[in-house]
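First comes the structure, then the notes that go with it.
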Amino acid sequence: MAQTQTFNGRRRVRKFFGKIPEVAEMPNLIEVQKASYDQFLMVDEPKGGRPDEGLQAVFKSVFPISDFSGSSMLEFVKYEFEGPKFDVDECRQRDLTYAAPLKVTLRLIVFDIDEDTGAKSIKDIKEQDVYMGDMPLMTSNGTFIVNGTERVIVSQMHRSPGVFFDHDKGKSHSSGKLLFAARVIPYRGSWLDIEFDSKDVVHA
Numbered sequence: 026m027a028q029t030q031t032f033n034g035r036r037r038v039r040k041f042f043g044k045i046p047e048v049a050e051m052p053n054l055i056e057v058q059k060a061s062y063d064q065f066l067m068v069d070e071p072k073g074g075r076p077d078e079g080l081q082a083v084f085k086s087v088f089p090i091s092d093f094s095g096s097s098m099l100e101f102v103k104y105e106f107e108g109p110k111f112d113v114d115e116c117r118q119r120d121l122t123y124a125a126p127l128k129v130t131l132r133l134i135v136f137d138i139d140e141d142t143g144a145k146s147i148k149d150i151k152e153q154d155v156y157m158g159d160m161p162l163m164t165s166n167g168t169f170i171v172n173g174t175e176r177v178i179v180s181q182m183h184r185s186p187g188v189f190f191d192h193d194k195g196k197s198h199s200s201g202k203l204l205f206a207a208r209v210i211p212y213r214g215s216w217l218d219i220e221f222d223s224k225d226v227v228h229a
């Protein structure tokens with residue numbers, strides 16, 4: 026009888042009564058999700074700064090923000106996480122969400138604009154840490170604690186952006202006429218469906 030001990034949050038002892046030895050070690054099936062979420066958050070900033078991926082790429086895609094007159098601009102500098110206020114067990118007992126406060130350092134630049142030439146010169150620069158909200162953290166089991174309830178992420182396939190054309194193979198109309206349709210799938214935003222009816226009228 027073989028006996029192994031595994032450590033996954035809690036200590037569990039598993040006993041195997043089979044006579045055939047194990048050929049390969051059981052892989053950690055949740056390691057992919059944990060590593061993916063850690064790569065998205067990048068809680069600890071690496072040396073040389075964070076690369077433009079994950080949460081860093083999200084902020085980079087939004088900032089900088091300029092007003093309509095061009096007299097001021099808001100830039101993103103960095104972000105950092107504070108430690109969670111409660112641990113996993115306390116969040117379960119108090120019906121809370123296991124999360125960490127997210128603070129973002131923003132830089133406000135105010136310009137002086139010459140009315141004659143339109144040239145810009147920096148008038149003032151201010152930096153301030155802004156609280157952006159609480160970011161849910163993943164537990165050692167690859168789950169999230171939301172309002173005291175343990176939840177998991179169910180992965181799904183997402184269709185690639187582009188334009189796709191199709192027809193109903195003549196099954197929708199009694200005469201067998203082909204009714205064509207097109208679907209526009211953007212990288213962001215809602216999908217757009219364009220269809221022809223039996224009278225060749227376009228519906229979107």
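For the sequence shown, the numbering used here begins at 26 and goes up steadily by one. All C-beta atoms, glycine included, are put in the ideal place defined by N, C-alpha and C. Nothing here was measured: the structure is a model prediction, and the numbers come from that model.
Pull up the CB-CB distance for V221 and R208, whole angstroms please, since I reckon it's below 8 angstroms.
Taking the first residue of the sequence shown as position 1, residue 221 is located at position 196. Taking the first residue of the sequence shown as position 1, residue 208 is located at position 183. Here the sequence assigns Phe to residue 221, which means Val is not the residue at that position. Their Cβ separation, rounded to whole angstroms, is 13 angstroms, which puts F221 and R208 out of contact at 8 angstroms.
Where DSSP assigns a beta bridge to L217, which residues make up the other side?
Indexing the sequence shown from 1 puts residue 217 at position 192. V209.
Using only alpha-carbon positions, find the residue among V38, V179, P186 and I138 that is nearest to G214.
If you number the sequence shown from 1, residue 214 lands on position 189. Checking every option, the nearest Cα to that of G214 belongs to P186.
If you run the structure through DSSP and keep just helix, strand and coil, what is S86?
The residue you call residue 86 lines up with position 61 of the sequence shown. In this structure, S86 counts as helix in the three-state DSSP scheme.
Taking the continuous beta strand (DSSP E) assigned at F169, which residues delimit it?
Position 144 of the sequence shown, counting from 1, holds the residue named residue 169. F169 -> beta strand (DSSP E) spans F169 to V171.
Which residues DSSP lists as bridging H192, in chain order
Sequence index remark: in the sequence shown, residue 192 carries index 167 (1-based). The bridge partners DSSP lists for H192 are F205.
Beta-carbon spacing of V102, T130 below 8 angstroms
Counted from its first residue, the sequence shown places residue 102 at position 77. Counted from its first residue, the sequence shown places residue 130 at position 105. Closer than 8 angstroms, so yes.
From A82 to R75, what does the alpha carbon distance come to, in whole angstroms?
Within the sequence shown, the letter at position 57 stands for residue 82. Within the sequence shown, the letter at position 50 stands for residue 75. For A82 and R75, the distance between alpha carbons rounds to 9 angstroms.
What three-state label does DSSP hand D154 in the structure shown?
As a working note, residue 154 is residue 129 in the sequence shown. Three-state result, D154: strand.
In this structure, does DSSP put Y123 in helix, strand or coil?
On the sequence shown, position 98 is the one that residue 123 refers to. In the structure shown, Y123 falls within a coil segment according to DSSP collapsed to helix, strand and coil.
Could you say which of E78, P109 and R132 lies nearest to P89 if we only look at CA atoms?
What you label residue 89 is simply residue 64 of the sequence shown in a count that begins at 1. Among E78, P109 and R132, the Cα nearest to that of P89 is on R132.
Identify, in the order they occur along the chain, each residue of the same chain with its Cβ nearer than 8 angstroms to the Cβ of A144, setting aside the five sequence neighbours on each side.
The count along the sequence shown starts at 1 and reaches residue 144 at position 119. For A144, where only same-chain residues beyond five positions count, the Cβ hits under 8 angstroms are I138.
In whole angstroms, what is the alpha-carbon distance linking S165 and H183?
Looking up residue 165 in the sequence shown gives position 140. Looking up residue 183 in the sequence shown gives position 158. Using only the alpha carbons, I get a separation of about 27 angstroms.
Does D137 come out as helix, strand or coil in the three-state DSSP assignment?
Stepping through the sequence shown from its first residue, residue 137 is reached at position 112. Three-state result, D137: strand.
Measure from the alpha carbon of K110 to the alpha carbon of each residue in G73, P71, D159 and V68, then state which is nearest.
In the sequence shown, counting from the first residue as 1, residue 110 sits at position 85. Cα-wise, what sits closest to K110 is D159.
By a C-beta neighbour count over all protein chains shown, 10 Å radius and 16 as the cutoff for buried, is M157 buried or exposed?
Mapped onto the sequence shown, residue 157 falls at position 132. Under this definition M157 is an exposed residue.
Could you check where the beta strand (DSSP E) with F93 kicks off and where it finishes?
Taking the first residue of the sequence shown as 1, we reach residue 93 at position 68. Counting along the chain, F93 falls outside any beta strand (DSSP E), and DSSP gives it neither H nor E.
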